[in-house]
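Student: Below are the structure tokens for one structure; questions will follow.
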Amino acid sequence: MNEPIRLARPDVGEAELAAVAEVIATGMLTMGPKVGELECALAGACGTSDAVVVSSGTAALHLAMMALGIGPGDEVIVPAYTFPATANAVEICGGRAVIVDVDPDTFNLDVALVAAAVTPRTKAVVPVHLFGRPVPWEELQAAVPPGIPLVEDAAGALGARFRGTPCGSLGVMGCLSFHPRKIVTTGEGGAVTTSDPARADAIRRFRHHGIVTRGDYDIPQPGLNYRMPDILCAIGIPQVERLEQLLSARERVAGWYTERLEHLVLTPAAAEGDRHGWQAYVVQLDRRDEALKALRAEGIEVQIGTYALHHLGAYRDQGPFPGADRAFARALALPFATSMTEAECDRVALALARFV
Ligand SMILES: Cc1ncc(COP(=O)(O)O)c(C=O)c1O
Numbered sequence: 210m211n212e213p214i215r216l217a218r219p220d221v222g223e224a225e226l227a228a229v230a231e232v233i234a235t236g237m238l239t240m241g242p243k244v245g246e247l248e249c250a251l252a253g254a255c256g257t258s259d260a261v262v263v264s265s266g267t268a269a270l271h272l273a274m275m276a277l278g279i280g281p282g283d284e285v286i287v288p289a290y291t292f293p294a295t296a297n298a299v300e301i302c303g304g305r306a307v308i309v310d311v312d313p314d315t316f317n318l319d320v321a322l323v324a325a326a327v328t329p330r331t332k333a334v335v336p337v338h339l340f341g342r343p344v345p346w347e348e349l350q351a352a353v354p355p356g357i358p359l360v361e362d363a364a365g366a367l368g369a370r371f372r373g374t375p376c377g378s379l380g381v382m383g384c385l386s387f388h389p390r391k392i393v394t395t396g397e398g399g400a401v402t403t404s405d406p407a408r409a410d411a412i413r414r415f416r417h418h419g420i421v422t423r424g425d426y427d428i429p430q431p432g433l434n435y436r437m438p439d440i441l442c443a444i445g446i447p448q449v450e451r452l453e454q455l456l457s458a459r460e461r462v463a464g465w466y467t468e469r470l471e472h473l474v475l476t477p478a479a480a481e482g483d484r485h486g487w488q489a490y491v492v493q494l495d496r497r498d499e500a501l502k503a504l505r506a507e508g509i510e511v512q513i514g515t516y517a518l519h520h521l522g523a524y525r526d527q528g529p530f531p532g533a534d535r536a537f538a539r540a541l542a543l544p545f546a547t548s549m550t551e552a553e554c555d556r557v558a559l560a561l562a563r564f565v
């Protein structure tokens, strides 16, 4: 049997090991200098004035919803095809996640359907740059009445760009994830990016129990412990410093896959003028389930794309969403990593070709 090909292989090594050793030597394992260093690097990469690191992408979404004051009676528009954290963050705050269908070819919100979902109770829209593909931002802005904030779920879009503008700086806030399948990983971790310093301050307070760190240590509003430890921040810093290198490597691997697969299956791409972040390389084919089973059986670790919210118990009261149904049934995430070789892409493509 051939060597297994893992779904993801984080690009971490000597630089990360040295950075962690440095933190251990200082003994400042949380809320030390690495937090600010990672925040600076992320704000630089996203082109925002601030970035606030937190314990996960889910925590970032939750705090973004708290910073907007989402609560009972409020509606927040989310795409039907996304990782459930996008909608869960709204509902955990007591709001209602209003599901809008996606374009099954791009996997992103079908912007033409957004305007009809807006009601007087709509308090925000959370578009997702799914798998790193930027949402058509100007069309989305035009579909949403001014005054309703757009919050990016940019969990997989660090480094992606809409017409040259970095994802994470397009909306009033951007939410990043550093899970091991993401472009930069710290194992677990996330960040909220924003160019509104008052919002950044609110997120910092909510991340740390609601404590006002300057002044009288008051807790005007309750918060949580969503802090990111220095050890994990240290793992992220060298990766953000070489972000361009990571993105180029991902572009190279995506190119190898596209060359081999574009005549066989629906292959992913960014819109003209945009930069894909390539968090994942997700193709679409009719015989997805058969392919998934067979490739796994031969050691090629593939995965479904993501979830269709209306198929989940928590969100079953909405629908139908034919775009999300189609994506959910046909999407297949292929093994993807900066260290993938052309020979590995050949093996995946050959295995997949049997199912088209
Ligand atoms: C689109 C999207 N949003 C949110 C998240 C949640 O991020 P985390 O796993 O860091 O909590 C993920 C993670 O897979 C995601 O893909």
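Residue numbers 210 to 565, in this note's numbering, belong to the letters of the sequence shown in order. Where is the CB? At the ideal position from N, CA and C, for every residue including glycine.
#1: Which ranges does the beta strand (DSSP E) cover as unbroken runs of at least 3 residues, wholly within the stretch 388-461, from first to last along the chain?
#2: Report buried or exposed for residue 493, applying the criterion of at least 16 other Cβ atoms within 10 angstroms of its Cβ.
#3: Can you tell me where the alpha helix (DSSP H) holding residue 478 begins and where it ends?
#4: Apart from the five residues just before and just after residue 213, which ones in its own chain have a Cβ nearer than 8 Å to its Cβ?
#5: Does the Cβ of residue 339 lie closer than 7 Å to at least one heavy atom of ligand 1?
#6: Return the chain-ordered ranges of every alpha helix (DSSP H) run that is complete within the stretch 281-309 and spans a minimum of 4 residues.
#7: Under the three-state reduction of DSSP, which class applies to residue 514: helix, strand or coil?
#8: Is the beta carbon of residue 292 within less than 7 Å of some heavy atom of ligand 2?
#9: Grab me the residues of residue 484's own chain with a C-beta within less than 6 Å of its C-beta, minus the 5 sequence neighbours each way, in chain order.
#10: For residue 569, name the three-state secondary structure that DSSP assigns.
#11: Do residue 412 and residue 272 have their C-beta atoms within less than 8 Å of each other?
#12: With distance defined between alpha-carbon atoms, name the residue in 561, 262, 491, 489 nearest to residue 473.
#13: Roughly how many angstroms separate the alpha carbons of residue 401 and residue 452, rounded to a whole number?
#14: Is residue 344 closer than 8 Å to residue 317 when the C-beta atoms are compared?
#15: Please look up how many angstroms separate the CB atoms of residue 386 and residue 266, rounded, as I've assumed it's under 8 Å.
#16: Between residue 441 and residue 380, what straight-line distance do the alpha-carbon atoms span, to the nearest angstrom?
#17: Using only the heavy atoms of ligand 1, determine whether one of them is closer than 7 Å to the beta carbon of residue 266.
Tutor: Based on what the coordinates show:
#1: 399-403
#2: By one-based count along the sequence shown, residue 493 stands at place 284. Residue 493 should be labelled buried.
#3: Start at 1 with the first residue of the sequence shown, and residue 478 comes out as number 269. Run containing residue 478: none; DSSP gives neither H nor E here.
#4: By 1-based counting over the sequence shown, the position of residue 213 is 4. Contacts found: 508, 509, 510.
#5: As a first step, residue 339 must be located in the sequence shown, where it is residue number 130. Under cutoff, so the answer is yes.
#6: 294-301
#7: If you number the sequence shown from 1, residue 514 lands on position 305. Coil, per DSSP.
#8: Only ligand 1 can be found as ligands here, which leaves ligand 2 out of the picture.
#9: For the purposes of this step, residue 484 is identified with residue 275 of the sequence shown, where counting begins at 1. Closer than 6 Å at Cβ, skipping near neighbours: 369, 370.
#10: Shown here, the chain extends from 210 to 565; a query on residue 569 therefore has no answer.
#11: Here residue 412 refers to the residue found at position 203 when the sequence shown is read from its first residue. Here residue 272 refers to the residue found at position 63 when the sequence shown is read from its first residue. Yes, Cβ-Cβ distance for residue 412 and residue 272 is below 8 Å.
#12: The residue you call residue 473 lines up with position 264 of the sequence shown. Cα-wise, what sits closest to residue 473 is 561.
#13: Along the sequence shown, one-based indexing puts residue 401 at 192. Along the sequence shown, one-based indexing puts residue 452 at 243. Cα to Cα, residue 401 sits roughly 18 Å from residue 452.
#14: Your numbering for residue 317 matches position 108 in the sequence shown. Your numbering for residue 344 matches position 135 in the sequence shown. Taking 8 Å as the Cβ cut-off, residue 317 and residue 344 qualify as a contacting pair.
#15: In the sequence shown, residue 386 corresponds to position 177, counting from 1. In the sequence shown, residue 266 corresponds to position 57, counting from 1. With 8 Å as the limit, residue 386 and residue 266 qualify as a contact, their Cβ atoms being about 3 Å apart.
#16: To locate residue 441, count along the sequence shown from 1; it is residue 232. To locate residue 380, count along the sequence shown from 1; it is residue 171. If I take the Cα positions, the gap works out to 26 Å.
#17: As a working mapping, residue 266 is identified with position 57 in the sequence shown. The answer is yes for residue 266.
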